[in-house]
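Everything below concerns the one structure shown next.
2 protein chains.
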Amino acid sequence: MTDTTVRAALSRDRILQTAVALADREGIGGLTMRGLAAELGVEAMSLYHHVANKEALLDGLADAVAAEMQDAVAALEATGDWKHDLRGRILTAREVMLRHPWAPGVFESRTSFGPHIVRYTDALVGLMRSGGMSHDLVHHAMHALGSRAFGFTQELFDPAGSADEDASPELLMQMAAEAPNLVEMLAHIAHDDPGSTLGWCDDQSEFEFGLDLLLDGLERRAERERLA
Amino acid sequence: MTDTTVRAALSRDRILQTAVALADREGIGGLTMRGLAAELGVEAMSLYHHVANKEALLDGLADAVAAEMQDAVAALEATGDWKHDLRGRILTAREVMLRHPWAPGVFESRTSFGPHIVRYTDALVGLMRSGGMSHDLVHHAMHALGSRAFGFTQELFDPAGSADEDASPELLMQMAAEAPNLVEMLAHIAHDDPGSTLGWCDDQSEFEFGLDLLLDGLERRAERERLA
DNA sequence: ACCTGAACACCGTTCAAGT
DNA sequence: ACCTGAACACCGTTCAAGT
């Protein structure tokens, strides 16, 4: 009960904070109970006094990221235009996600909500409700947005992992026979923007394209609902 | 070189086929190299003569599912309406995915394309091109669709895992204070459709809602492009 | 060429024991 | 109450040896 407690006292918060830093540094594969404990200067089993098991640790990690999103989003001011405000919140959430490349995978593997995730989600629902959308439409909207509501889309076949060899002309030749449309499209894209070497395309602009497609569609349904 | 070879001769195909059946039966967590080998009546290390490692096995699994999708999709006849045909292909792909609940997770963790995945994707691109969309727009469309092009969306916080306890009134009460909009929405949904007990909502209709939102939006952009 | 068995270097987690 | 160390039951994978 005094301020002179040992500086390194273990706590759930300190564990989560260290786990986030470790995952940022080494990727989610580098986050093991043993490794996390070592990082904290403690034995692996000590963690189990503050966290039920690894699943619970990951739940905590996801919620820690959601807390960061809440902080970032709090700085935004509301304009009263739900679509504009929603777009801003989601793109801000994305900035947080980009700081934690492992977070999308963890979010997708979660099965329960932490308090910060709940509050972030609640705010999105409130924003759409304030725009006059029905509960039903908002519900559809949340499902349609899916992970985009949290600022990410899990890229299918992310070329980042194997882009180096995949771009080889031999493989493109081999593909050309079986996938003429795909090859033609990729050639066209490469021609248009030869500078996009971090993957085949600009993730950010693709994210915004998909997001705007959905937001525009939702706005249309909302208007249709209002006139009914 | 004779037909009287031992019936149980190991081969890449037989390994993949058994792996799919095993994953269907026990989930992806039940698919281990050791377990798969046992299922084949063979030692674990024998698998490594036909498959480089587990990553390669999973690559093969994803492509096996894509092959099934190709088969299912081949039965569809083209109407010439790209949007209608694309919708049909994707919903057919979804039927295959629903037979393999582990497949979405495997698809999302892949980093390289198998031949069947490539051909399935190529057909989608061809369909949109036939509708007059530019390479650029088709490229955006593929990104916007993302995993939906393969008939699935990875549900965030799938309540299937913990729905039993999560629906408890105490927890809803506790949530009500911090998440009024969310609670109100969920209450409204439950009121509208008290029968939807497999999760909070009907995945199929939510999938189609999101898909149609995107397809409608793409159609609009395609028309805009045509007039430009 | 194909398959085997033992072994290695990891995991998450249980348990009895320490302070 | 909190932390430890050894141990258990798993993984994927390497390696030398069998046929």
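As they're listed, the protein sequences go chains A and B.
Numbering that gives the first Met the number 0 applies: residue 0 is where the first sequence begins, and numbers increase by one.
Numbering that gives the first Met the number 0 applies: residue 0 is where the second sequence begins, and numbers increase by one.
Positions of the beta carbon are idealized from the N, C-alpha and C atoms, including for glycine.
Rounded C-alpha distance that separates residue i from residue j
i	j	result
B:E228	B:L60	Residue numbering for chain B in the displayed model covers 0 to 227; residue 228 of chain B lies beyond these limits and cannot be assessed.
B:A73	B:A175	49 Å
A:F229	B:Q69	Chain A is shown from 0 up to 227; residue 229 of chain A falls before or after that span and cannot be answered.
B:R289	A:R225	In this structure chain B extends from 0 to 227, so residue 289 of chain B is not present and cannot be described.
B:A71	B:T91	7 Å
A:A36	A:M96	25 Å
A:S161	B:S111	With a pLDDT of 45 at A:S161, under the threshold of 50, the modelled position of this residue cannot be trusted, and the question is left open.
A:L56	A:G104	14 Å
B:V117	B:D23	24 Å
B:H48	B:E42	11 Å
B:H93	A:F151	The identity of residue 93 of chain B in the sequence shown is Arg, whereas the question assumes His. Cα-Cα distance, rounded: 22 Å.
A:A66	A:G145	19 Å
B:H187	A:R98	36 Å
B:V64	A:M141	28 Å
A:A227	A:T17	53 Å
A:G216	B:D215	8 Å
B:V124	A:G40	53 Å
B:E177	A:E218	27 Å
Cutoff 8 Å: residue i Cβ touching any chain B Cβ
i	result
A:A63	no
A:G198	Its pLDDT being 46, under 50, A:G198 is placed unreliably in this model, and the coordinates cannot settle the point.
A:E238	With chain A covering only 0 through 227, there is no way to say anything about residue 238 of chain A.
A:R118	yes
A:D58	no
A:A178	yes
A:D84	no
A:G209	yes
A:D163	Any reading at A:D163 needs caution, since the residue's pLDDT is 42, under 50, leaving its predicted position unreliable; the model's value is listed next. Taking Cβ atoms only, chain B never reaches closer than 8 Å to A:D163, which makes this a no.
A:H187	yes
A:L217	yes
As assigned by DSSP and simplified to three states, the class of residue i
i	result
B:W81	helix
A:G26	coil
A:P114	helix
A:M104	Looking at the sequence itself, residue 104 of chain A is Gly, so the reference to Met does not match. Helix.
B:Q173	helix
B:Q203	helix
A:G131	coil
B:G150	coil
A:F227	Phe is not the amino acid found at residue 227 of chain A; the sequence shown has Ala there. Of the three classes helix, strand and coil, the one that applies to A:A227 here is coil, per DSSP.
A:R88	helix
B:E76	coil
A:A140	helix
B:H99	coil
B:R220	helix
B:L155	coil
B:A178	coil
A:R109	coil
A:G198	Note on A:G198: pLDDT 46, under 50, position unreliable in the model; the coordinate value appears next. Three-state result, A:G198: coil.
Residue i at chain A interface by Cβ criterion, 8 Å
i	result
B:G87	no
B:D70	no
B:I27	no
B:M172	no
B:N52	no
B:M132	no
B:R128	yes
B:L155	yes
B:L212	yes
B:A143	yes
B:G150	no
B:V283	Beyond the ends of chain B as shown, which are 0 and 227, falls residue 283 of chain B; an answer cannot be given.
Residue from the options with nearest C-alpha to residue i
i	options	result
B:S10	B:S45, B:G28, B:I89 and B:R33	B:S45
B:I89	B:L213, B:R220, B:Q16 and B:A227	B:L213
A:V50	A:R13, A:D84, A:D23 and A:L75	A:R13
B:L126	B:A77, B:E222 and B:E205	B:A77
A:D80	A:G145, A:S129 and A:E154	A:S129
B:L181	A:A178, A:L155 and A:A122	A:A122
A:H138	B:E205, B:E54 and B:P114	B:E205
A:Q203	A:D62, A:E154 and A:A178	A:E154
B:D62	B:M184, B:G29 and B:P114	B:P114
B:R223	B:E38, B:K82, B:F149 and B:M132	B:M132
B:D211	B:R86, B:M184, B:A143 and B:P100	B:R86
B:W101	B:Y119, B:V19 and B:M172	B:V19
B:H134	B:T31, B:G28 and B:A221	B:A221
A:K82	A:A148, A:L21, A:Q173 and A:L30	A:A148
Any non-hydrogen atom of the ligand FMN within 7 Å of residue i CB
i	result
B:A73	The ligand content of the structure shown is nil, which means the ligand FMN is not present either.
In chain order, which continuous runs of the alpha helix (DSSP H) of length 4 or greater are located wholly inside the stretch 9-68 of chain B?
11-25 and 32-38
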